[in-house]
Amino acid sequence: MDILIPIITMSALGFLFSLGLVFAYKKLRVQEDPRVLLVMEILPQVNCGACGYSGCRAFAEAIVKGDVPANGCPVGGEEVAHQLVKTLGLEAVEVIKKVARVHCRGTVSATKESGLYRGIFTCYASHLVGGQKQCSYGCLGFGDCVEACPFDAIYMGEDGLPIVMEDKCTACGKCVDACPRNIIELHNIKQNILVFCRSLDRGPTARKACKNACIACGICVRACPEAIVLENNLAKIVHFKNIPRDKIPDIEKCPTKAIGLIHKENKKQEDDR
Amino acid sequence: MMPNNLFILQSSPHFKDKDSVPKIMYTVIISLMPAILASLYFFRFKALFLYLACVITALITEALFLFLRKKSLDSLSDGSAIITGLLLAMTLPPSLPVEHAVIGAVMAIAIGKQVFGGLGHNIFNPALVGRAFLQTAFPVAMTTWIPPITQKINTATFATPLGNLKFQDAVAQGTLAPLKDLFFGNIGGCLGETSALALLIGACYLFYKRAIDWRIPVGIICSLTVFTGIFWLINPNKYASPLFHVLAGGLIIGAFFMATDMVTSPITPLGTTIYAVGIGVLVGTIRLFGGFPEGVMYSILLMNIVVPLLNQFTRPRILGERRKK
Amino acid sequence: MPPRTIGEEFTKGLWHENPIFRQLLGMCPTLAVTNAVINGIAMGLATTFVLIFSSIVVSSIKKLIPNQVRIASYIVVIATFVTMADRFLAAFFPLISKDLGPYVPLIVVNCIILGRQEAFSSKNSVGRSFIDALGMSAGFILALLILSSIREILGAGTFLGHQFLGSWFEPWVIMILPPGAFITLGILIALTFVIEHKIKQRR
Amino acid sequence: MSLSSRMVIVLTSVGLISGALLSTVGILTKERIALNKQLEIENAIITVVQGTHTSEIIYEEKDLVVYGSKDENNQLIGFAVYASGTGFQDKIILMYGTNPTFTKIYRLTILEQKETPGLGAKITDKDAFLQFWENKDSSQPLTLRKPAARSPEELSPFEVNTITGATISSESVLNIVRLSLGKLMSLKKEGKLGNEE
Amino acid sequence: MELVALFISAILINNFVLHYFLGICPFLGVSKKIDSAFSMGLAVTFVMTITAVITWVINHWILLPNNLEYLQIVSFILVIASLVQLVEMFIRKVSPPLYQAMGIYLPLITTNCAIMGLALLAALKNYSFVETVVFGVGSGIGFTLAIILMAGIREQLDLSDVPEPLKGAGIALIVAGIMALAFLGFSGMIK
Amino acid sequence: MKTKTFPRGIHPPEYKDITANKPIEVMPPPEKVFIPLHQHFGKPAQPLVKKGDAVCVGQKIGEGQGLFSASVHSSISGKVLSVEDYFHPLGMPVLTVSIENDGEDRPLQEIEKTEKPLSLSPKEICNKVKEAGVVGLGGAAFPTAVKLSPPKDKPVDMIIINGCECEPFLTADYRLMLEFADDLLMGAELVRTATGAKRIIVGIEDNKKDAYKLLQEKAGGKPIEVQLLKTKYPQGAEKNLIYALLRREVPRGGLPFDVGVIVQNVGTAKAIWDAVHNGKPLYERVITISGPGIKDPKNLLVRIGTPFQKVIDFCGGIEDGTNILLMGGPMMGLSQWNPEAPVIKGTSGILALKTPVSFKEYECIGCSRCVEHCPTGLVPTRLAKHVKYNHLKEAEEWGILDCVECGCCQYTCPAKIYLVQWIRLGKNIIISNKRKKSA
Ligand SMILES: Cc1cc2nc3c(=O)[nH]c(=O)nc-3n(C[C@H](O)[C@H](O)[C@H](O)COP(=O)(O)O)c2cc1C
Ligand SMILES: Cc1cc2nc3c(=O)[nH]c(=O)nc-3n(C[C@H](O)[C@H](O)[C@H](O)COP(=O)(O)O)c2cc1C
Ligand SMILES: Cc1cc2nc3c(=O)[nH]c(=O)nc-3n(C[C@H](O)[C@H](O)[C@H](O)COP(=O)(O)O)c2cc1C
Ligand SMILES: Cc1cc2nc3c(=O)[nH]c(=O)nc-3n(C[C@H](O)[C@H](O)[C@H](O)CO)c2cc1C
Ligand code: SF4
Ligand code: SF4
Ligand code: SF4
Ligand code: SF4
Ligand code: FES
């Protein structure tokens, strides 16, 4: 008897409880698209929001619904896009790997200070009082972009300019948003030539403020008019694929080296690290 | 342009009031002096050693943390650690062994202040965290009292006026300390709390310098008066008078010097008022119904817990704002 | 990830996935029973017992259990072992049982146990689950031991009930009380972060 | 087999097996645990009424149990009173022994308390507290000695000691004894305590 | 009077979190924002009250009469687990806004020792039915109070410079310690 | 008469005596002026001239675009040197017309005087004001024509003429009130006519009693009330001024005409009169050049576009040890690094100060002084922290967008925290995020 009562009680409890669960399972189950979970597993799960959704989960739901193409996640890049295509049976899409690039060479030594800045040490704050450099377009060097990067892909170089580690950069665009002077832009990683200046000042003014400024002398434009134009005192690469290899040395004759090959630069960056 | 000719580039405003954090802190230190001198008079070397131990330990602990966190040691000179040390010492019984005081000062600065990020970030009043730690760690030593030098008696154990009230039924027995003694300091108790007069002199200086928010002492004293007054009116043979409660124990020092700690009190006017009234009521409750004779420390710490919520939910009305009912 | 070796399976519970310091699981018993080393050890052993046996049982019946009643069945299994441990203590160590009060029965809701069943035993073989449970328990006991040693030594001046510090030492009563438990654990967790950080920097 | 029936069967059988296991364990340990409890009480009775040979419950209500203690010769030598009340933190449960007329307290022991360790918890300590409760005269109301005395000799027979720093706990113990004694006296008057004499 | 004392003591003196160390996981886990802390507190109070009632019934009508104390653990936990699930489903059906507010915290409650602790403590202390209910409600409110206060503090700490290693659980535990220290001020209040 | 005021606020040292007794001097036009096409709240003006064009005084050189904009006029006669980006006192380069003076000060031919301006229709007044490129001279440089045509559903019953000039050092408005009292009262009447309001109140702080007396005398017989206010900063901030004078509260995020009020600066009132009565565009204004760094402080009537350096040189130059150059007052002014920047319509003064170069910043100690002094009723420390820790949503909930950047909080803060800069930063980020979202 002593043994039977507990056994019965327990079995009864188990029975009742399982009935409850069966009931719950049948009646109150929430339907969730299992593919969302699959997609979640593929996504990088950093919830950075670069895709334009409020997080990886929202993106997963969107892609399952078909609202975004498979390459919608800039962070995941090619590999994730590829897997998504495979898993969901979507149409294959082309993925251009992009990276962030800094359009300024206004290092501490190259530029002149405008005043003794006193205040909050962020680029944005300094920008709001006009910036502590005479160039009103250049990098302010407090590293808002570094702070903003969720992947630790930017660091502050010794000469006061941010350096992007291209292997870590996922093109999430946070730094682009963070920079008050719009110095950072996302580019196709294959683009190897860049204008490292944003100054719209006239040549003499620009040069006075920064040794490495684009002075709108037009040497590069003359070297390759198909791809480079001058706009508001600044050289602009319209379409980098139009630059033939053999023109590069001519372009690099830029007196302030405001335009040039990025990969040479990159080598130097590698060494800096 | 030469760099040294550069103009300053900054955001407005370009004028600043002359007051600064160290100035406020040193004002408080000066205002504590009358009470410190009084306690040195009442307890002589015992008091001196406690003050020295607490202040020095507080400074060393602060320096250690600043060093560990790779911050500039300049902040030592802002005076806040000195205040913490002094106030801690002022809340200790004169007979407390110096090594206990040292532990208290370490805890006050370490757990009460630096773990939160140092000056300005702490949630709880550091000196009282130190005292609460000691009270809980060494309850016996923290409730053993010696008489002041002005009372020429020589007993090993001695009770404070509030202790008498709680455990000896002093009102009924008629052994309650006279108000005059409470006011001038001819009683036992913690270093800093014996003489209400000396504390009030310091408090006047604080008011003169506008270093503290008047709402806090006024709110505490009023609410305590009302709370204890009600019971006193009901049964004056059992409960002590409100004036006794205001003058006894740590209330004056607590209301003027500890509850007013800016870091750990609310920043909004309404919040501050609620905070002060809360302290007064809690002090009354603990003194009349709690297990401890004195509740100032616990009341302030308890209200410290509520301060973030008070700040959150008592945002002042913005000019032109219409509040939803 | 390559499969972990048996050794790694065991040691991960000691440090990298230490249930208390790293995963912050099972905080309640940790705080509640560490006022004396002996209680800590008893609690640790009881938890170990439950963890190991329920791991074995769960991993061996995992295939039979439909997903929907998974948690319920695990809870019953765990509760069964907890009851055994509880009864055992009450029968043979009545004093300790009294000290631990309701915290032994509370092992049943200890997140470490259910968490391990969910995360590990329900997916791995009996052998691996056993090793994993062993490692986790060791980590748990280790944490309890550290915490309870600090608390007992400072709070009572004793270790396992024996005078540890000299009689000059005046015990810090607070360490035996709730505030001491919280504060000590808080500091220990911060310390493990610091150590972990240092280890990472070394690499 | 459908999923639902599998769910039911699995959970029921888990319950079944668990029930079986538990009942075994339960039965195996039941006696032992009951014995432990009983031993605790018996030990306490022997401590507070020394010379007890047998004892039996002669009165029982919530929070108050009276055991009559008899020696080898089946002579009533006193009562062991199990009583409880609120202390500083939580309930204190204690037991004390009296002579058959309740005019003398032999001894006191604390069965359960949750007072502050190192402070209120000293009420379980013989040197600090319990020894001051030996052989008290309870024909008059007991009073508390504060400040504390150093040795039992300093106390009058009607006085019990405080623990320095733990007045409340000491007072609570005294109160529990006082209250239960009062109750017992009136019970006795009403003749509800059995008719031993 | 006794009941009032029990109630106040459950909230302030023998607070579940600060005195008994029960429910620490949600106390640490769900105290980052005041809103969610409040919802969690509500959910816990709610479940605690129901648990108190049902476990009392099971204990006094089934287990004790049959001498089955040793089934307390198993049966209580089963009851709690199923109860939580039923409550969750019920709320979801009946009031979606309420579900949004507190439903998502319900699953967390199953492995919360506060609930189980309540059932066990009430059984251990031999409370009567009314006492058990008061104890349940009081403990729930005590838990809510503690977690909301904690959340307020943590929101403020989000605006502070807490040392890196202490961020998160470390500082939360220290704050809990000082809170427990302050709550000691209430001890001895109920005699 | 009782002085009125608003709650909270501060009492910074005034330093008005330096220039209070110096009558307005006329500064001769410089050889070159640099006239930015963006000197006002709203869209920049579109250039109407190009390099090499000849222009005369008062000729329109930039046309306002759209509703919120204002036209820009030449302040000298001469030749346009360039139309290019140039330094601007606000910090960012702005499209600027630089003109070389031919020394003739040739006025525009077609200037016409209106004999009976008060009998014009509201529409006509507005048009004349708009043509003249008048913007608020009290600081925000809000296009006045827009202010004068409030939406139909918000009738205006009250005009407030803001003569508070609460910023330390500045005395331009004060001198203007003393020397052009009639003009500005007439200007006020014009505003009243244009908007159909009933009453006019002129608010003057009690540190300018003689201006108060003078205006009260002149206002006799007109529906104009002159009211003395207790000296306190920022009395001149319009929401506070409206509260002080009328006890009306402008709703959060609203504008004065939400409570039936229009506030105009005294200088603006005069400019309106000049525009409507004399047909004179806004090409010069009164500014105060003061501060311990100026050798010979003055109140000057200056042409818009004159570089600061020229103005300072006219006042004897800068003293050694000057380390900060401001456009505007010390509470809200903008610090300048480049003395070549030009005077614009919103320039109320140029100050050269000697401030302590370094001071230590502390952590906020929660003293609540900023809360006690914020005239808007905000919790500045909280706002700053929310911005610092990137809780922009919370910052908005706590009313960051209501901050008028008066600087009271930072002035009183004993920890010397850059409260206003944090708040400004937060406002900028929030607003630009909102723009991005709506775009
Ligand atoms: C500011 C201040 C706060 C205090 N707070 C408490 C307290 O909360 N609890 C306490 O027991 N003593 C506190 N004290 C000490 C008491 O004022 C006093 O010394 C105490 O009443 C002694 O009583 P006891 O020994 O009987 O506990 C405080 C002292 C000061 C100066
Ligand atoms: C943390 C702490 C725990 C305490 N625990 C107890 C206790 O368990 N029992 C007790 O009687 N007093 C305890 N007290 C002290 C009482 O509050 C009270 O001060 C004491 O009973 C007064 O005793 P005394 O008159 O001998 O100083 C405790 C005090 C503290 C600070
Ligand atoms: C903090 C603050 C202070 C101000 N002080 C003055 C002042 O002293 N005098 C003034 O005319 N306008 C002052 N203003 C500008 C007024 O708020 C308002 O914009 C102006 O009086 C409107 O007139 P206006 O359009 O003619 O410039 C201040 C604004 C702020 C935000
Ligand atoms: C009016 C005033 C009261 C203070 N009271 C205390 C106090 O009670 N305890 C303390 O540790 N520090 C006190 N301080 C110093 C300082 O605020 C304290 O160290 C900070 O809490 C540390 O962050 C006080 C400072 C002021 C200005
Ligand atoms: S923040 Fe910039 S550098 Fe960092 S990952 Fe994103 S795009 Fe790349
Ligand atoms: S690139 Fe932009 S954000 Fe980065 S440091 Fe330079 S100015 Fe700042
Ligand atoms: S918060 Fe804004 S409105 Fe308030 S005092 Fe500071 S600057 Fe002025
Ligand atoms: S005035 Fe400064 S220190 Fe005081 S509360 Fe405001 S920000 Fe903090
Ligand atoms: S261990 Fe108690 S809630 Fe997790």
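Chains as they are written, first to last, in the numbering used here: chain A, 1 to 273; chain H, 1001 to 1325; chain E, 2001 to 2203; chain W, 3001 to 3197; chain C, 4001 to 4191; chain L, 5001 to 5439.
Even glycine gets a Cβ: it sits at the ideal position worked out from N, Cα and C.
Which whole-angstrom value describes the C-beta separation of residue i and residue j, a residue pair presumed to lie in contact below a C-beta threshold of 8 Å?
i          : j          : result
Val5379(L) : Trp5398(L) : 6 Å
Ile5200(L) : Ala5188(L) : 5 Å
Gly1250(H) : Cys1190(H) : 6 Å
Ile5350(L) : Ile5289(L) : 5 Å
Gln5039(L) : Val5080(L) : With 8 Å as the limit, Gln5039(L) and Val5080(L) do not qualify as a contact, their Cβ atoms being about 17 Å apart.
Which term fits residue i, buried or exposed, when burial requires 16 or more other beta carbons within 10 angstroms of its beta carbon?
i          : result
Val3182(W) : Checking the displayed sequence, the identity of residue 3182(W) turns out to be Gly instead of Val. Gly3182(W) is exposed by the Cβ-count criterion.
Gln134(A)  : buried
Asn1005(H) : exposed
Leu4145(C) : buried
Leu2031(E) : buried
Trp5273(L) : buried
Ile3033(W) : buried
Trp947(H)  : This structure cannot settle anything about residue 947(H), because the visible part of chain H is limited to 1001 through 1325.
His2197(E) : exposed
Notebook entry, point to check: Taking one C-beta from the stretch 5007-5014 of chain L and one from the stretch 5229-5237 of chain L each time, how about it: are there three or more such pairs within less than 8 Å?
Noted result: The answer is yes - the stretch 5229-5237 of chain L touches the stretch 5007-5014 of chain L, with three or more Cβ pairs under 8 Å.
Checklist line | For review: beta carbons within less than 7 Å of any heavy atom in ligand 7 | finding: Chain-ordered list of matching residues: Cys5370(L), His5373(L), Cys5374(L), Pro5375(L), Thr5376(L), Leu5378(L), Pro5380(L), Leu5383(L), Cys5403(L), Val5404(L), Glu5405(L), Cys5406(L), Gly5407(L), Cys5408(L), Cys5409(L), Gln5410(L), Leu5419(L), Val5420(L) and Ile5423(L).
Notebook entry, point to check: If contact means a Cβ-Cβ distance below 7 Å, which residues of the stretch 1098-1123 of chain H contact chain E?
Noted result: Of all residues in the stretch 1098-1123 of chain H, Ile1111 have a Cβ within less than 7 Å of some Cβ in chain E.
Next item on the list: Taking 8 Å as the threshold, find out whether the stretch 1266-1279 of chain H comes into contact with the stretch 1235-1242 of chain H through three or more Cβ pairs.
Entry: Touching, no.
Next item on the list: Mind the definition here: the stretch 2108-2117 of chain E touches the stretch 2011-2025 of chain E only if three or more C-beta pairs lie below 8 Å; say whether that holds.
Entry: Flag = yes, the stretch 2108-2117 of chain E and the stretch 2011-2025 of chain E touch.
Checklist line | Members of the stretch 89-118 of chain A near chain L, C-beta cut-off 7 Å | finding: Within the stretch 89-118 of chain A, the residues whose Cβ lies closer than 7 Å to some Cβ of chain L are Ser114 and Gly115, listed in chain order.
Next item on the list: Report the residues of the stretch 5086-5101 of chain L with a CB closer than 8 Å to any CB of chain A, ordered along the chain.
Entry: Answer in chain order: Leu5090, Gly5091, Met5092 and Pro5093.
Checklist line | Members of the stretch 1023-1035 of chain H near chain L, C-beta cut-off 8 Å | finding: Residues Lys1023 and Ile1024.
Item checked: Interface positions of the stretch 4158-4177 of chain C facing chain L (Cβ-Cβ less than 8 Å), listed along the chain -> Residues passing the 8 Å Cβ filter: Asp4158, Leu4159 and Asp4161.
Note to self: Using a Cβ-Cβ cutoff of 8 Å, what residues of the stretch 1288-1299 of chain H are near chain W? List them in chain order.
What the structure shows: For the stretch 1288-1299 of chain H, which is checked against every Cβ of chain W, the residues closer than 8 Å are Gly1291.
Check: Touch check for the stretch 5398-5418 of chain L and the stretch 1012-1026 of chain H: three-plus C-beta pairs under 8 Å?
Finding: With the cut-off at 8 Å, the stretch 5398-5418 of chain L and the stretch 1012-1026 of chain H touch.
Next item on the list: Go through the residues and name those whose CB comes closer than 6 Å to any heavy atom of ligand 6, in chain order.
Entry: Checking every Cβ against the heavy atoms of ligand 6 under 6 Å gives Val102(A), Cys123(A), Cys139(A), Leu140(A), Gly141(A), Phe142(A), Gly143(A), Asp144(A), Cys145(A), Pro162(A), Ala178(A), Cys179(A), Arg181(A), Ile183(A) and Ile184(A).
Note to self: Considering only heavy atoms of ligand 5 and the C-beta of each residue, which residues fall inside 6 Å, strictly closer?
What the structure shows: Working through the chain, the matches are Ala100(A), Ala148(A), Cys149(A), Phe151(A), Ala153(A), Ile154(A), Val164(A), Cys169(A), Thr170(A), Ala171(A), Cys172(A), Gly173(A), Lys174(A) and Cys175(A).
Margin query: Beta carbons nearer than 9 Å to chain H: which residues of the stretch 5230-5252 of chain L have them?
Written below: Residues of the stretch 5230-5252 of chain L with a Cβ closer than 9 Å to any Cβ of chain H, in chain order: Lys5239, Asn5240, Tyr5243, Glu5249, Val5250, Pro5251 and Arg5252.
Check: Using a Cβ cut-off of 9 Å, which residues of the stretch 4178-4189 of chain C contact any Cβ in chain H, in chain order?
Finding: Look at the stretch 4178-4189 of chain C: the residues with a C-beta under 9 Å from a C-beta of chain H are Ile4178, Met4179, Leu4181, Ala4182, Phe4183, Leu4184, Gly4185, Phe4186, Ser4187, Gly4188 and Met4189.
Note to self: Would the stretch 2117-2124 of chain E count as touching the stretch 2144-2153 of chain E if we require 3 or more Cβ pairs under 8 Å?
What the structure shows: Because the criterion of three Cβ pairs below 8 Å is not met, the stretch 2117-2124 of chain E and the stretch 2144-2153 of chain E do not touch.
Margin query: Closer than 8 Å is the cut-off here; do at least three beta carbon pairs connect the stretch 4068-4085 of chain C with the stretch 4041-4054 of chain C?
Written below: These segments touch.
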